[in-house]
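As they're listed, the protein sequences go chains H and Y.
Per the working numbering, the first sequence runs over residues 54 to 263.
Per the working numbering, the second sequence runs over residues 54 to 263.
There are 2 protein chains.
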Amino acid sequence: MDDQLPQMLRSDARDNRDRVLEAARRLFSEQGLGVPMREIARRAEVGPATLYRRFPTKQALIDAAFTDELRACSGIVRDGCADPDPWRGLSTIVRDITELNATNQGFVDAFVSSYPGAVDFAAHRSGMLRALTGLWRRAQQAGALRPDTVVDDLILMIMAGRGLPPGPPTLRAAAARRFAALILDSLRASPTTGPLPPPARVAHHASTNS
Amino acid sequence: MDDQLPQMLRSDARDNRDRVLEAARRLFSEQGLGVPMREIARRAEVGPATLYRRFPTKQALIDAAFTDELRACSGIVRDGCADPDPWRGLSTIVRDITELNATNQGFVDAFVSSYPGAVDFAAHRSGMLRALTGLWRRAQQAGALRPDTVVDDLILMIMAGRGLPPGPPTLRAAAARRFAALILDSLRASPTTGPLPPPARVAHHASTNS
DNA sequence: ACGTTAACGGACGCCCCCGTCCACTTCGCT
DNA sequence: AGCGAAGTGGACGGGGGCGTCCGTTAACGT
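Structure follows, in structure tokens:
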């Protein structure tokens with residue numbers, strides 16, 4: 054809650070805290086939540102003890118690290134729900150969240166399932182869920198969204214985004230765009246399907262060399 | 054080499070080997086590949102050494118355990134590709150694989166990414182991929198499948214299936230059915246969309262107790 | 001400049017998991 | 001029944017990750 058008023062820390066402490074957070078954000082985004090605390094400490098050029106003094110547990114660090122992305126996520130939903138054209142708003146939400154997802158490997162894990170306990174997360178989630186439900190209804194009333202779908206379908210799709218193949222960020226982003234476009238086409242009521250983004254070459258794990 | 058021929062094992066050894074395989078299959082399916090070897094041994098009422106004598110490494114056990122599912126997967130693809138109606142064949146493949154996937158938590162991981170080294174896996178995969186490519190072309194020529202899609206899109210969707218929310222088998226299966234139906238609708242060329250399976254209530258992780 | 005005190009980080013304990021070793025047991029054959 | 005070999009399981013070593021302790025360092029006030 055009080056988050057220790059970082060400006061009351063000694064200058065070096067504040068500096069180190071910032072570097073830790075930055076390293077955590079980068080490493081979590083790149084490699085998911087499995088990154089060892091040691092690795093983050095090393096990347097921040099800090100000893101493990103320092104890291105643990107600012108963030109008593111790994112969960113605390115995860116929460117702090119993803120606060121920004123959480124805000125971004127809330128913003129995406131808010132903006133999309135504010136769009137007068139509900140379908141356009143929904144499309145934007147799906148695309149942006151899917152991309153956020155692909156760019157930040159661990160975000161969905163941190164947010165939706167991984168560890169319980171992050172209070173802010175729960176609050177944000179229920180708020181977003183409520184807003185999305187409203188948007189969903191409006192989109193269906195406008196005849197843009199299939200009437201036989203529910204918000205849970207969206208959640209399902211977002212969760213499914215977790216399973217997208219790993220790989221370099223460029224590939225991940227391409228796969229995410231393609232995925233989002235396909236999802237949207239499956240939710241659309243009218244068959245007015247626009248052009249798809251380029252197909253994503255999925256990493257076929259070239260175990261047979263060649 | 055000669056370590057095969059399980060019928061040449063002593064009767065108790067053969068018995069234990071079978072129990073180990075059975076336990077491995079069950080636990081991997083239920084909880085994914087993260088299950089400790091000890092747990093499998095315990096479940097099979099066997100010491101760790103016994104387990105390791107039959108399957109020198111965890112990978113070996115995984116390979117052996119998923120041989121059946123691999124065969125099932127191949128069968129699904131073969132049957133689907135043999136269907137004179139390419140769209141119906143494709144639908145069946147998507148539905149069945151997605152369900153296989155939901156039922157066997159670790160299967161896709163074992164097959165597509167997890168560990169390299171399983172020779173059989175690679176062979177099966179390239180064969181299935183070739184067959185699927187043919188089916189894909191036929192479905193597109195028949196006008197049932199969107200012309201701007203590629204086989205990689207299917208792979209993408211199957212991979213995405215890994216991210217479906219965890220939970221009791223019943224929920225997982227429901228989510229998988231819903232997911233498969235939505236995928237199929239996004240790949241279909243004609244807007245002749247049939248009724249969807251019941252929406253899957255996604256586990257909202259009730260962290261806020263109540 | 002200098003002492004106080006917050007902050008630092010290397011070293012430590014703990015736990016879990018993989019894979020191995022060895023003294024004992026059980027099967028199978030005669 | 002008896003004997004040898006195959007088989008078994010408890011105990012062990014190695015590695016890695018999380019979180020903690022304590023001697024040392026360096027920032028801040030006077």
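C-beta atoms are modelled at their ideal positions from N, C-alpha and C, and glycine is treated no differently.
Item, Value
"Excluding the five sequence neighbours on either side, which residues of its own chain have a C-beta within less than 7 Å of the C-beta of alanine 118 of chain H, listed in chain order?", "Leu74, Ala77, Arg78, Phe81"
"With DSSP as the reference, label leucine 198 of chain H as helix, strand or coil.", "strand"
"Given a cut-off of 8 Å on the beta-carbon distance, is the pair glutamate 98 of chain H and arginine 72 of chain H in contact?", "yes"
"Tell me whether arginine 241 of chain H sits in a helix, a strand or coil according to DSSP, three-state version.", "strand"
"Among Y/Ala242, Y/Pro137, Y/Thr202, whose alpha-carbon lies nearest the alpha-carbon of proline 251 of chain H?", "Y/Thr202"
"Here's a check: name, in chain order, each residue in its chain whose Cβ is nearer than 8 Å to the Cβ of leucine 9 of chain H, leaving out the five neighbours to either side.", "Nothing can be reported for residue 9 of chain H, as the shown portion of chain H is limited to 54 through 263."
"Buried or exposed: which applies to glutamine 158 of chain H, given that a residue is buried once 16 or more other Cβ atoms fall within 10 Å of its Cβ?", "buried"
"What are the boundary residues of the alpha helix (DSSP H) that includes glutamine 112 of chain Y?", "111-135"
"Using alpha carbons as the reference points, say which of H/Leu249, H/Glu92, H/Asp132, H/Asn69 lies closest to threonine 145 of chain H.", "H/Asp132"
"Consult DSSP for glutamine 193 of chain Y and reduce its assignment to one of helix, strand or coil.", "helix"
"In chain order, which alpha helix (DSSP H) runs of at least 4 residues are fully inside the region 76-110 of chain Y?", "90-96, 101-107"
"Give me the residue from H/Gly220, H/Arg225, H/Leu209 with the minimum Cα distance to glycine 216 of chain Y.", "H/Leu209"
"Counting only C-beta atoms, is phenylalanine 81 of chain H closer than 8 Å to chain Y at any point?", "no"
"Could you tell me whether any Cβ in chain Y is nearer than 8 Å to the Cβ of isoleucine 236 of chain H?", "yes"
"Would you be able to state if there are at least three C-beta pairs under 8 Å between the region 146-154 of chain H and the region 214-234 of chain H?", "yes"
"Which residues in the same chain as aspartate 121 of chain H place their Cβ atom closer than 8 Å to its Cβ, once the five residues preceding and following it in sequence are excluded?", "Arg78"
"Determine the DSSP secondary structure at leucine 235 of chain H, reduced to helix, strand or coil.", "helix"
"Closer than 8 Å by C-beta to glutamate 152 of chain H: which residues in its own chain qualify, once you throw out the five before and the five after it? Chain order, please.", "Ala226, Ala229, Arg230, Ala233"
"Among H/Gly220, H/Ala102, H/Gln194, H/Leu123, which has the Cα closest to the Cα of alanine 66 of chain H?", "H/Ala102"
"Output yes if chain H places a C-beta closer than 8 Å to the C-beta of methionine 181 of chain Y; else output no.", "no"
"Quick one: Cα of arginine 124 of chain H to Cα of methionine 181 of chain H, how far?", "11 Å"
"Between threonine 261 of chain Y and valine 88 of chain Y, what straight-line distance do the alpha-carbon atoms span, to the nearest angstrom?", "Because the pLDDT at threonine 261 of chain Y is just 36, under 50, the model does not fix this residue reliably, and the value given afterwards should be weighed accordingly. Rounded to the nearest angstrom, the two C-alpha atoms are 29 Å apart."
"Note down, in chain order, each residue of its chain lying with its Cβ closer than 8 Å to the Cβ of asparagine 69 of chain H, except the 5 sequence neighbours on either side.", "Ala97, Val99, Thr103, Arg107"
"Taking Cβ positions only, does arginine 70 of chain H come closer than 8 Å to chain Y?", "no"
"Since valine 203 of chain H meets chain Y, which of its residues come closer than 7 Å, beta carbon to beta carbon?", "Pro252"
"In chain Y, what lies closer than 7 Å to alanine 213 of chain H by C-beta?", "Ala213, Gly214, Gly216, Leu217, Phe232"
"Flag this pair as yes or no: are the beta carbons of glycine 214 of chain Y and alanine 213 of chain H separated by less than 8 Å?", "yes"
"Mind listing the chain Y neighbours of alanine 228 of chain H? Cutoff is C-beta to C-beta under 8 Å, in chain order.", "Leu209"
"Go to alanine 163 of chain H, then tell me how far its alpha helix (DSSP H) extends in each direction, as first and last residue.", "Here alanine 163 of chain H belongs to no alpha helix (DSSP H), and DSSP marks it neither H nor E."
"Taking the alpha-carbon positions, what's the alanine 253 of chain H to threonine 223 of chain H distance?", "10 Å"
"Rounded to a whole number of angstroms, what is the C-alpha to C-alpha distance between cysteine 126 of chain H and phenylalanine 164 of chain H?", "10 Å"
"Please state the DSSP three-state secondary structure of leucine 188 of chain H.", "helix"
"Between valine 130 of chain H and alanine 184 of chain H, which are expected to be in contact by the criterion C-beta below 8 Å, what is the C-beta distance as a whole number of angstroms?", "6 Å"
"With a cut-off of 8 Å, does the C-beta of aspartate 173 of chain Y fall near any C-beta of chain H?", "no"
"Pick from Y/Gly85, Y/Met61, Y/Asp238, Y/Pro248: whose alpha carbon is nearest that of threonine 156 of chain Y?", "Y/Gly85"
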